[in-house]
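Visitor: Residue numbers (this note's numbering): 1010 to 1351.
In structure tokens form, the structure reads like this:
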């Protein structure tokens, strides 16, 4: 019986032991996971920078590069008239901290936790060695920001604007003010129109006029439909019109050619008329000498006739000579033509 109790007790001890070991392993695993998340097991490279004031920086404040955590503030101490801030930068990011890098204090909001923001330097510059100083840039305080925006002047302008707005609201609420008076007058006009008073009221109340307007609108609709149908035919009409224009253009070109030919013919006619005028002038000049020429011709013919008669008398006298007559050839018979008849 005692042996059985002793064996059962040993099994419980083993179970408790396994449970303790499991809890220990879980605790160690949790510590390791938290440590990795908090960078407990990573190596840091220490630098420092100085500011005119601490800007509410505290140990373990974040150090960021491009808004990404790369380290933390290790210590904030007063050094003469400056505040020294020791920075622990993760070793994997230390190669980006160079001589021309700049450290400044920033805050996500005006009331948020401040952190140190580092601007990376140029790749052409050397890397800062561990323990060296990083250049700093002072943070603009809220007072300076408000001074830049001239908050006092702006607030006075806003107060004046609110006062003017309040005066306008008061004037608008006044029963005798311009707004309410205009609204009352407008209401009276609308009541008169609804009651059929005045020209506009009679127009609104006139059923016959409304029907006339409706009929006119229907006619306008028909006119618009006709315009639409005409517009659909417009392309064909325009094509035919363009063809007619081309035909007219060709005919016009032919007319121009005929006109040019006519001008040329008229120029030739003018030249011929000029020549005819010269000929007529010459004929006129010659016709003046015709009577004199005719008279001269008549006198010449008369002298020729007389000469022929004399020659004929000489011939007859010669023929009568015996010596010559025997040697003359026989005379052929022919028609005797009188020169005077010609």
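Cβ coordinates follow ideal geometry from the N, Cα and C atoms, glycine included.
To the nearest angstrom, report how far apart residue 1225 and residue 1237 are at their CA atoms.
Guide: Residue 1225 and residue 1237 have their C-alpha atoms spaced approximately 18 Å apart.
Visitor: Check whether the segment 1167 to 1184 touches the segment 1092 to 1101, counting contact only when three or more Cβ pairs, one atom from each stretch, lie closer than 8 Å.
Guide: no
Visitor: Select from 1170, 1134, 1102 and 1140 the residue whose C-alpha is nearest the C-alpha of residue 1127.
Guide: 1102
Visitor: Spell out the partners DSSP gives residue 1107 in its beta bridges.
Guide: 1136
Visitor: Below 6 Å CB to CB, which residues in the same chain sit around residue 1027 once its five sequence neighbours on both sides are set aside?
Guide: none
Visitor: Residue 1075: buried (16+ other C-beta within 10 angstroms of its C-beta) or exposed?
Guide: When all chains shown are included, residue 1075 counts as exposed.
Visitor: For a test of the three-state rule: what should DSSP assign to residue 1086, helix, strand or coil?
Guide: Judged by DSSP in its simplified three-state form, residue 1086 adopts strand.
Visitor: If contact is defined by three or more beta carbon pairs under 8 Å, each pair taking one atom from either stretch, is the segment 1053 to 1061 in contact with the segment 1131 to 1146?
Guide: yes
Visitor: Alpha carbon to alpha carbon, how far is residue 1032 from residue 1043?
Guide: 16 Å
Visitor: Would you decide whether residue 1191 is buried or exposed? Buried here means 16 or more other CB atoms lie within 10 Å of its CB.
Guide: exposed
Visitor: Quick one: what's got a C-beta closer than 6 Å to residue 1020's C-beta in the same chain, skipping five residues either side?
Guide: none
Visitor: In this structure, does DSSP put residue 1078 in helix, strand or coil?
Guide: strand
Visitor: Compare the C-alpha of residue 1132 against each of 1194, 1110 and 1036 and name the closest.
Guide: Residue 1132 has its Cα closest to that of 1110, out of 1194, 1110 and 1036.
Visitor: If you compare alpha carbons, which of 1115, 1063 and 1194 is closest to residue 1090?
Guide: When only C-alpha atoms are compared, the closest one is 1063.
Visitor: Taking the alpha-carbon positions, what's the residue 1134 to residue 1079 distance?
Guide: 20 Å
Visitor: Would the beta-carbon of residue 1052 fall within 7 Å of that of residue 1100?
Guide: yes
Visitor: In three-state terms, what does DSSP make of residue 1019?
Guide: The answer is helix: DSSP assigns residue 1019 an H, G or I state.
Visitor: With a cut-off of 8 Å on the beta carbons, I'd call residue 1087 and residue 1125 a contact; round off their distance for me.
Guide: About 17 Å; that fails the 8 Å criterion.
Visitor: With a threshold of 6 Å (Cβ to nearest heavy atom), would residue 1270 be considered close to the ligand MG?
Guide: Here there are no bound small molecules, and the ligand MG is not part of this structure.
Visitor: Just the C-alpha distance for residue 1195 and residue 1232, rounded to the nearest angstrom, thanks.
Guide: 38 Å
Visitor: On the CB-based measure, 16 or more other CB atoms within 10 Å of its CB, does residue 1272 come out buried or exposed?
Guide: exposed
Visitor: Check for me: the beta strand (DSSP E) holding residue 1099 runs from which residue to which?
Guide: 1091 to 1099
Visitor: Please classify residue 1318: is it buried, with 16 or more other beta-carbons within 10 angstroms of its beta-carbon, or exposed?
Guide: exposed
Visitor: Just how far apart, CA to CA, sit residue 1255 and residue 1245?
Guide: 15 Å
Visitor: Would you check if the distance between the CB atom of residue 1054 and the CB atom of residue 1068 is smaller than 7 Å?
Guide: In this structure, residue 1054 sits away from residue 1068, with a CB-CB distance that is not shorter than 7 Å.
Visitor: Taking the straight line between their C-alpha atoms, what separation do you get for residue 1343 and residue 1283?
Guide: With a pLDDT of only 47 at residue 1343, under the threshold of 50, the placement of this residue in the model should not be trusted, and no figure is reported.
Visitor: Count the other C-beta atoms from every protein chain shown that fall within 10 angstroms of the C-beta of residue 1114, then say buried if there are 16 or more, exposed otherwise.
Guide: buried
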